[in-house]
Structures are given as structure tokens and as C-alpha cells.
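According to mature numbering (1 follows the signal peptide of the UniProt record, and there is no 0), the stretch in the sequence shown is residues -19 to -1, 1 to 382, in order.
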Amino acid sequence: MMRTIVLALMLVLLGITLALGNVAEALPVRLVDGRNCSGRVEVYRSHQWGTVCGRGWDLRDADVVCRELGCGWATGAPRNALFGKGSGVIWLTGVQCSGDEDELAQCHTRRIWSAAEESHCSHRDDAAAECSGPLERPVLSLLSDQSVFSPGEAMHLSCSAPPSSYYITNFYLYKKGKASPLASLRATPPQARAELTVTDMEAPQEGSYSCVYRVQGRHALHSPPSNPINITVVELHTPEIWHNVSLAAPPARVVRGHSFSVTCSTLSHQYPGSSIQLRLVRTNGMVRQSMPAFTPSVTFTFPNAQTSHEGYYYCLHRVQLGGRVFTSRESQPLPIILTEPTPLLSAMEVSWLVSAVVFVVVVLVIMVVVHRLRKRKETPTELERDHRTCVENTYIALPIK
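If you want it as C-alpha cells, here you go:
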């Protein structure tokens, strides 16, 4: 028995929850058969449009509809089908809004599920709403000629609201992606224009800006966002510099006639119109040359080092954007000193080599002379050869006995 009672109570509570309470599902809303944000209120559910019962309908309920549709606030909440009778299902009845809701679906309502439940409300009671109309968007403009800034500079903008009968209470400046305004100004009626300033611009404040204004009626309303303005903040870091020279040269020295290169590198963002400038400071003046900065590092190559390449080299990051020119600080100086090619042998080595050659030549000469002298002793002259021949041919006469 107790179990049956508990089950019955649960079913009753479930039925009450389904019949009464906040409408959880999304209910698109429209105003029909009127103009300028006025007309019969209709909601969309189960693939068809239906009306709202006007019994108990008041300005707070109409306020929510006007706000949801971006039509300002309610100036009237007609009942009794002022804008004509609707057709089809009456989807909602007993609407009770506090006036602070953003959507009609958030209000306390009762759903009508079948035609049998429409006996207490008919299309003669269809609810309607008359709204003040949407606020017009303001116009945002720069008070300076440029939209590109350096860190630390101030940005001044003007937010102008179109003429209207509303009393503007505040102006706000928003950056896209940020929920809180970066600047605001309290207006004094009938003020319709405000100067909004962002001081000390930084790189994170680069982006798209728009403004809105706030009016006060029975409740506060915010205008649609103004036209966007894109702001760029150019922040340039000091570049680094280094050089690559021939292995035959010591650090910071370049061999005459050899090639060398100087590389400039920066951590800055690659802005359009970005370039790297290399400056050579010499005793008789300065030489500049630039290359587009398509990558974070740029290398300047010198194929034939000459005296004109000696001096102190500096790198700068230069950006030409928005009609302005931005230049980073100079890098640390890179000294380049020209040196003559190193000979293959030193003076001492040459002296030793010459001495060795002379010694070898002298020895060879002595050896040749000695050899010739020795050969001369071993080979007889022509006179000696004749004498020997005569001696050999001499006959001795002996007496005959």
C-alpha cells in the first residue's frame, strides 16, 4: 500500500515538473503581423510555430521578448489579439517573467500539450509585444592618422552614437576576444560622443576594437557593436649579430681576398614591410645595406674582403607599416679587421731553407772538384803515353864475339 502511494506521488511530481517550471528547451521567438519590432508573439516548437496565451501577459513579459529579439524594451504588452489571431497551437500560457531574463524560455511558464487544454485560452487572447526598437550601432574612429603604434604610446578613439531620444549613460571600448572593456566613459545626457583612450599600448593589445553605448530606460540596454578598427602594435627586439669567416683567419679578422658573411637575427614578429639593415661604421663614414626580412635571420655575404670592409658592423630591424617607420635598437658592434694572407713559410724558415740549399750546393761543388782531380791523376797525358811507348820499343845492342 505504502509503495503504491509513493509511486503515485512520484508520478504527480513528475507531471507537475513537466507542466510547470522553466522551459528547458530552446524556444525561438518572433513577432508577426506588426512592424518596427512590434507584433503577435509566436514561439517555435515541434517543427511548427504557435502563439502565447495573453492572459496574465504584461510589460515584464514583453520586455523579455523585446530583449531577446534585440528590439530594445517594451513600450506595450497588448493582449486580445491586437495584431490579429494566430493559428495552430497555443504553445505557452501563464507566462511569468521577472523582466531580467534574456530569453522567454527562461521565464516561468505552463506548456499546453493538446487542443483539449486550450479551452481556457483561445487565439482571441494571443499575446503581443510593442518594442522601442533596436539601438543603432555607434561609429568608431581613430583620432590620429595611423592605426600602428609603438609600445608605450597612447591610442585615442572616438565613439559616436546616432541621434535618438535615448539618454546615453556610458560608452565602452572593447577588444575582440576580451569580455571586459579596455576603456569606458560615463556620459552626461545629452552627450552622444565620447573620446576613449588606451594609454601605454603593448603588444598584447594588438587586435580588433569596437565600441558600444549604454542607455537607461526601465532597464539598461547596450547598443550593437560599432564598426571594427584593427590596431597593430610594432614591438621590435634588439637583433643579434655574428660573423662567419675563413678558417685561416683568427676571430674578428678577415683575410684579404677571402669571403666572409655577417648574420643578423631577431626574435621580433615578422611584420609586413620588415627588413634588416646592416650598418658599417668606418673612420671616414657609414655604409648601409638592407635585405627583406622574410625569415628571422638574414645573412649578408661579402665574396672578396678588401680594406673598404674594415670597421664596426651593426644590425637593425626596420619596419615600414601604416605610413610609419619603426626601427629597433642597434645590435652589439661586430668589429672586422682585415689581415694579409699568411705566407707559407716564415722568415726564419726561409733563412734555414736558403742555408740548407747553399750548403748542399757547396757540398756538390766540392764533390765534383774532388772527383775531377782524382780522375786526372788516374788518366796519363799524351806525352807520358809516348815516353812509355819509346821505352818499350828500345833495343839494346850487344857486342858479337
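Backbone N, C-alpha and C fix where the C-beta goes; we use that ideal spot for every residue, glycine too.
Residues G53, W54, T56 of the same chain have their beta carbon placed closer than 6 Å to that of S113, with the five preceding and five following residues left out of the count. Across the set R234, F275, T320, the C-alpha of F275 shows the shortest separation from the C-alpha of L248. By the neighbour-count criterion, in which 16 or more other beta carbons inside 10 Å mark a residue as buried, V346 falls on the exposed side. DSSP places C47 in the uninterrupted alpha helix (DSSP H) bounded by 40 to 49. With respect to the 8 Å criterion, S242 and N285 are not classified as neighbours on the basis of their beta carbons. DSSP, reduced to helix, strand and coil, places T288 within a helical segment of the structure shown. A direct Cα-to-Cα measurement between R167 and T150 gives close to 6 Å. Only residues of its own chain outside the window of five on either side were considered, and among them P119, A142, I149, F152, S204 have a CB closer than 6 Å to the CB of Y194, listed in chain order. In the structure shown, D106 adopts helical secondary structure according to DSSP, grouped into three states.
In the DSSP assignment, the residues bridged to Q301 are V306. Around the beta carbon of T323, fewer than 16 other beta carbons sit within 10 angstroms, so the residue counts as exposed. Your pair W72 and V22 does not check out as a contact, with CB atoms roughly 10 Å apart and the cut at 8 Å. Ranked by Cα distance from E82, the options G20, V24, R41 are led by R41. For T264, DSSP assigns no beta-bridge partner whatsoever.
One alpha carbon belongs to A43, the other to G37, and they sit about 11 Å apart. Sorting H28, S165, G67 by C-alpha distance to the C-alpha of L12 places G67 at the top. Here K156 carries a strand assignment [DSSP, helix/strand/coil]. Nearest to L123 by alpha-carbon distance, out of Y190, L261, V262, is Y190. Of the other Cβ atoms in all chains shown, 16 or more fall within 10 Å of the Cβ of E111; this residue is therefore buried. Secondary structure of A86 (DSSP, three-state): helix. Residue state for L63 is assigned as coil, using DSSP reduced to three classes. Counting only the Cα atoms, D39 lies some 13 Å from L85. Nearest Cα to P185 within the set T213, V235, L177: T213. C-alpha of V236 to C-alpha of I317: approximately 10 Å in a straight line. Secondary structure at M182: coil, using DSSP grouped into helix, strand and coil.
Less than 8 Å separates the beta-carbon of S246 from that of E221.
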